[in-house]
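Asks: Protein chains in written order, with my numbering: chain A, 1 to 393; chain B, 394 to 776.
Ideal placement from N, C-alpha and C gives every residue a C-beta, glycine not left out.
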């Protein structure tokens with residue numbers, strides 16, 4: 001009887017268009033949106049578009065900085081320089097057509113003395129900006145580098161002029177002093193966090209399936225359930241095949257969505273297939289039981305329970321980093337208890353751990369908590385529905 | 394005003410779920426506002442990180458690097474076991490891990506420049522890359538002094554002194570140095586919330602009125618179609634005002650001083666204009682919804698889709714060229730543009746770009762309303 005009911009449960013559920021959309025199509029749409037929005041980051045390419053900057057140079061000012069800006073524009077493509085007057089430069093900055101203004105005053109040859117350098121007087125170049133952001137940080141970094149390198153060359157020129165050629169060779173060398181270390185075998189990429197959160201949301205969408213299962217189980221929630229409960233078969237003998245069918249279908253939908261991300265969108269989710277599938281399965285089971293628990297709790301109308309399922313799913317996904325990057329780090333730092341019980345965070349961290357760390361300690365911890373949560377939800381649901389009888393519906 | 398009253402009776406029937414959405418999204422709006430503000434602070438002024446440092450160097454150059462890093466960050470020890478180290482990074486106790494090998498000074502002085510140090514960035518820590526840049530700058534300056542003929546200690550001392558030099562940065566206007574106010578981040582999140590609230594709230598009521606039997610009975614009534622539609626329109630407008638008032642009230646509680654300023658007033662206007670656009674999107678979405686479940690789906694599709702594409706959650710600057718071009722066809726992009734331009738405005742007369750963005754959002758409202766009318770007409774004709 002189990003397999004008969006299981007087969008029919010699969011057939012019924014697979015014909016539900018709402019479920020197909022929520023669990024199959026919606027994650028694909030969202031994944032595609034992510035890929036369109038910031039898909040290039042997964043290739044580790046730095047998305048630089050040239051930072052427009054205005055350059056105002058007083059007559060007689062030192063020309064080295066202008067050469068640096070020209071090199072950054074033509075060779076690196078980092079900035080786009082517009083040499084102009086002060087008034088026009090300020091206008092460009094106000095209108096947002098330049099991210100900053102490099103303003104270079106004329107400095108005399110004697111002004112850049114060692115004492116002057118020691119006293120923090122700079123080379124007469126200042127940066128004027130209208131806001132604080134990534135582009136302004138880049139311009140600030142360019143100027144800061146120039147100030148430091150100028151000071152170094154001036155000091156060497158005064159004290160060890162014979163070594164200035166060798167010092168210049170260091171600059172031209174462009175060495176990579178840092179060897180990139182890693183936590184494990186795979187490299188990390190912060191944009192992947194969005195895709196992990198998407199997978200977590202996909203798993204939790206099983207809550208809607210679980211809710212439907214509850215509605216078809218409790219006689220006071222639907223006429224179908226009332227008819228089924230009037231049958232001469234134990235309620236739980238009808239429930240387990242239903243739940244098994246929902247879990248199976250949810251798992252199939254998740255695999256499809258994840259396969260789309262990995263093979264169609266080339267998102268590098270790692271190569272530990274077995275553990276990844278286990279994570280997805282556990283996440284799907286957690287989602288289904290979450291929905292089932294919400295469905296059997298209380299006497300709220302169906303719409304309210306559905307709204308609650310969707311809200312929990314979206315809020316849980318939000319705190320795992322689906323919409324705002326960095327929130328999961330803040331939660332981990334300030335509210336670690338919530339990070340441990342948030343279902344979406346658990347799934348996200350389990351997938352992340354697989355991809356980054358070469359040991360399984362953290363992965364097993366997340367999986368353990370997920371299984372514990374699932375067991376708690378299942379036990380809670382069972383306690384609520386056992387020995388339920390209706391005097392009237 | 395029977396239709397208007399009926400509209401609100403239907404809304405009242407769904408009050409529990411709508412109230413739940415309002416409360417939760419209000420809480421999320423406040424949370425997101427604070428998180429986005431915190432994230433932005435690290436971009437320009439830099440932030441002090443927790444760096445796990447293991448200095449095995451026998452020479453003095455490693456000490457110099459450690460001193461430099463310690464002047465701007467907290468230096469912590471590195472756990473011995475790899476598992477413990479991974480735990481420390483996993484639980485966000487460290488932002489960056491650096492190991493200085495014992496032959497660092499020896500190799501550096503001999504002229505070896507490649508891959509001397511092993512640095513590991515903790516996943517998710519974008520600020521750690523700035524620290525790496527600073528380290529590279531330190532090492533390059535140190536190498537220059539050593540190559541030029543300075544002794545170890547002298548080279549380290551000079552490098553530390555040079556690294557203290559900062560660029561002279563001035564802000565165009567005095568207020569620019571403060572960074573964006575909290576109100577900016579609070580209002581940044583509004584498009585997502587408004588789209589969902591309008592589609593769920595208005596959509597639920599519109600679905601009821603579009604019910605086949607009910608619509609047929611209404612058409613037989615003595616009330617003109619114009620009167621019926623105007624009352625439904627009024628009901629939608631009042632609902633939008635109620636949701637708008639709730640979020641504005643929260644804004645006043647959260648960032649009260651900001652709301653009393655010029656920028657706060659413009660932000661309030663921006664949110665109102667987007668509320669109108671959300672109503673139009675809701676009207677358009679309702680034409681495709683055959684059930685309340687479908688409405689929930691559409692609210693998330695439009696809400697998340699428009700928000701991601703328009704740059705609400707992730708800045709448009711971080712997206713590729715094609716994504717940025719596509720964003721201009723999404724109303725939330727123009728809302729975000731208006732939000733950014735409002736921060737640069739000093740007087741009402743200076744807000745030309747803001748008013749242009751308002752105009753674009755209103756154009757989108759018209760476009761979605763017209764599209765909804767067209768779909769509605771096609772559905773009626775096909776019946």
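Could you spell out where the beta strand (DSSP E) holding residue 448(B) opens and where it closes?
Replies: As a position in the second chain, residue 448(B) is number 55, starting the count at 1. Taken as a continuous stretch (DSSP letters only), the beta strand (DSSP E) holding residue 448(B) covers 443-448.
Asks: Note the first and the last residue of the continuous beta strand (DSSP E) segment covering residue 83(A).
Replies: Taking the first residue of the first chain as 1, we reach residue 83(A) at position 83. Residue 83(A) -> beta strand (DSSP E) spans 79-83.
Asks: Put residue 115(A) into one of helix, strand or coil per three-state DSSP.
Replies: Residue 115(A) sits at position 115 when you count from the first residue of the first chain. Note that residue 115(A) scores 42 on pLDDT, short of 50, meaning its location in the model is unreliable; the coordinates nonetheless yield the value given after this. Helix.
Asks: Is the CB-CB distance between residue 529(B) and residue 489(B) below 9 Å?
Replies: Sequence index remark: in the second chain, residue 529(B) carries index 136 (1-based). Sequence index remark: in the second chain, residue 489(B) carries index 96 (1-based). No, they are not a contact pair.
Asks: Distance, Cα to Cα, residue 375(A) vs residue 200(A)?
Replies: For the purposes of this step, residue 375(A) is identified with residue 375 of the first chain, where counting begins at 1. For the purposes of this step, residue 200(A) is identified with residue 200 of the first chain, where counting begins at 1. About 19 Å.
Asks: Report yes if the CB atom of residue 406(A) is closer than 9 Å to the CB atom of residue 479(B), and no otherwise.
Replies: The structure shown does not extend to residue 406(A), since chain A is modelled only from 1 through 393, so no value can be given for it.
Asks: Expressed to the nearest angstrom, what Euclidean distance is found between the alpha-carbon atoms of residue 457(B) and residue 196(A)?
Replies: Position 64 of the second chain holds residue 457(B). Position 196 of the first chain holds residue 196(A). Between residue 457(B) and residue 196(A), the C-alpha separation is close to 40 Å.
Asks: Look at the Cβ atom of residue 454(B), then the Cβ atom of residue 548(B), and state whether they are nearer than 9 Å.
Replies: If you number the second chain from 1, residue 454(B) lands on position 61. If you number the second chain from 1, residue 548(B) lands on position 155. Yes, the pair counts as a contact, with Cβ atoms nearer than the cut-off.
Asks: Throw me the rounded Cβ distance for the residue 128(A) and residue 565(B) pair, which I believe falls under 8 Å.
Replies: Mapped onto the first chain, residue 128(A) falls at position 128. Mapped onto the second chain, residue 565(B) falls at position 172. Correct: roughly 6 Å between the Cβ atoms.
Asks: Just mark residue 756(B) as buried or exposed, buried being the case when its beta carbon has 16 or more other beta carbons within 10 Å.
Replies: Here the question's residue 756(B) lines up with position 363 in the second chain. Label assigned to residue 756(B): exposed.
Asks: Sort 98(A), 92(A) and 86(A) by Cα distance to residue 104(A) and report the nearest one.
Replies: Start at 1 with the first residue of the first chain, and residue 104(A) comes out as number 104. Closest by alpha carbon: 86(A).
Asks: Excluding the five sequence neighbours on either side, which residues of its own chain have a C-beta within less than 6 Å of the C-beta of residue 474(B), listed in chain order?
Replies: Along the second chain, one-based indexing puts residue 474(B) at 81. So no residue of the chain qualifies.
Asks: Please determine whether the Cβ atom of residue 103(A) lies at a distance below 8 Å from any heavy atom of the ligand NAP.
Replies: Ligands displayed in this structure: none; no statement on the ligand NAP is therefore possible.
Asks: Would you mind stating whether residue 595(B) and residue 682(B) have Cβ atoms separated by less than 9 Å?
Replies: Reading the second chain from its first residue, position 202 is the one you call residue 595(B). Reading the second chain from its first residue, position 289 is the one you call residue 682(B). No. Outside cutoff.
Asks: How about residue 159(A) and residue 558(B): do their beta carbons lie closer than 9 Å?
Replies: Start at 1 with the first residue of the first chain, and residue 159(A) comes out as number 159. Start at 1 with the first residue of the second chain, and residue 558(B) comes out as number 165. Contact: no.
Asks: Is the shortest distance between the beta-carbon of residue 466(B) and the beta-carbons of chain A less than 9 Å?
Replies: One-based indexing of the second chain puts residue 466(B) at position 73. Taking Cβ atoms only, chain A never reaches closer than 9 Å to residue 466(B), which makes this a no.
Asks: If residue 624(B) and residue 729(B) are in contact, beta carbons under 8 Å, what's the gap, nearest whole angstrom?
Replies: As a position in the second chain, residue 624(B) is number 231, starting the count at 1. As a position in the second chain, residue 729(B) is number 336, starting the count at 1. In fact, because the Cβ distance is near 34 Å, the residues do not count as touching under 8 Å.
Asks: Output the distance between the C-alpha atoms of residue 252(A) and residue 280(A), rounded to the nearest integer angstrom.
Replies: For this step, residue 252(A) is matched to residue 252 along the first chain. For this step, residue 280(A) is matched to residue 280 along the first chain. If I take the Cα positions, the gap works out to 10 Å.
Asks: Give the interface partners of residue 779(B) over in chain A, defined as CB-CB distance under 7 Å, in chain order.
Replies: Any answer about residue 779(B) is impossible in this case: the structure gives chain B only from 394 up to 776.
Asks: So, with DSSP's three-state summary, where would you put residue 104(A)?
Replies: What you label residue 104(A) is simply residue 104 of the first chain in a count that begins at 1. Looking at residue 104(A) - three-state DSSP - the assignment turns out to be strand.
Asks: Anyone know if the C-beta pair for residue 734(B) and residue 716(B) falls short of 9 Å?
Replies: Mapped onto the second chain, residue 734(B) falls at position 341. Mapped onto the second chain, residue 716(B) falls at position 323. No, Cβ-Cβ distance for residue 734(B) and residue 716(B) is not below 9 Å.
Asks: Got a sec: is the Cβ-Cβ distance from residue 549(B) to anything in chain A below 9 Å?
Replies: Reading the second chain from its first residue, position 156 is the one you call residue 549(B). Chain A contact via Cβ: absent.
Asks: In three-state DSSP terms, what is residue 683(B)?
Replies: What you label residue 683(B) is simply residue 290 of the second chain in a count that begins at 1. Coil.
Asks: For residue 542(B), decide whether its Cβ has a neighbour in chain A, counting only Cβ atoms nearer than 9 Å.
Replies: Translated into positions along the second chain, residue 542(B) becomes position 149. Chain A contact via Cβ: present.
Asks: Which two residues bound the contiguous alpha helix (DSSP H) that contains residue 564(B)?
Replies: Numbered from its first residue, the second chain carries residue 564(B) at position 171. Residue 564(B) -> not in any alpha helix (DSSP H); beta strand (DSSP E) instead, spanning 561-564.
Asks: Could you spell out where the alpha helix (DSSP H) holding residue 651(B) opens and where it closes?
Replies: Translated into the one-based positions of the second chain, residue 651(B) becomes position 258. Segment 649-652, the alpha helix (DSSP H) holding residue 651(B).
Asks: What is the rounded straight-line gap between the Cα of residue 406(B) and the Cα of residue 656(B)?
Replies: Within the second chain, the letter at position 13 stands for residue 406(B). Within the second chain, the letter at position 263 stands for residue 656(B). Looking at the two C-alpha atoms, the distance is approximately 37 Å.
Asks: Going by DSSP, which residues form a beta bridge with residue 125(A)?
Replies: For the purposes of this step, residue 125(A) is identified with residue 125 of the first chain, where counting begins at 1. Paired residues: 104(A).
Asks: Kindly indicate if chain A contains any beta-carbon less than 9 Å away from that of residue 459(B).
Replies: Counted from its first residue, the second chain places residue 459(B) at position 66. With 9 Å as the cut-off, residue 459(B) does not count as an interface residue toward chain A.
Asks: Are the segment 396-415 of chain B and the segment 443-452 of chain B touching, with three or more C-beta to C-beta distances below 8 Å?
Replies: Segments in contact, no.
Asks: Would you kindly check if the distance between the Cβ of residue 540(B) and the Cβ of residue 167(A) is under 9 Å?
Replies: On the first chain, residue 167(A) is found 167 positions in, with the first residue counted as 1. On the second chain, residue 540(B) is found 147 positions in, with the first residue counted as 1. Yes, these two residues count as a Cβ contact at 9 Å.
Asks: So residue 29(A) contacts chain B; which residues on that side make the cut at Cβ distance below 8 Å?
Replies: In the first chain, the residue the question calls residue 29(A) occupies position 29. Correct list: 694 and 698.
Asks: Between the Cα of residue 678(B) and the Cα atoms of 691(B), 670(B) and 487(B), which residue gives the shortest distance?
Replies: Sequence index remark: in the second chain, residue 678(B) carries index 285 (1-based). It is 691(B).
Asks: Quick test of the definition: if touching needs 3 or more C-beta pairs under 8 Å, does the segment 364-371 of chain A touch the segment 488-506 of chain B?
Replies: No, they do not touch.
Asks: What whole-angstrom Cβ distance do residue 659(B) and residue 747(B) have, given they're in contact under 8 Å?
Replies: For this step, residue 659(B) is matched to residue 266 along the second chain. For this step, residue 747(B) is matched to residue 354 along the second chain. The Cβ separation is near 6 Å, so the contact holds.
Asks: Whole angstroms is fine: what's the gap from residue 467(B)'s alpha carbon to residue 523(B)'s?
Replies: Residue mapping note: residue 467(B) aligns to position 74 of the second chain, counting from 1. Residue mapping note: residue 523(B) aligns to position 130 of the second chain, counting from 1. Taking the straight line from one Cα to the other gives about 15 Å.
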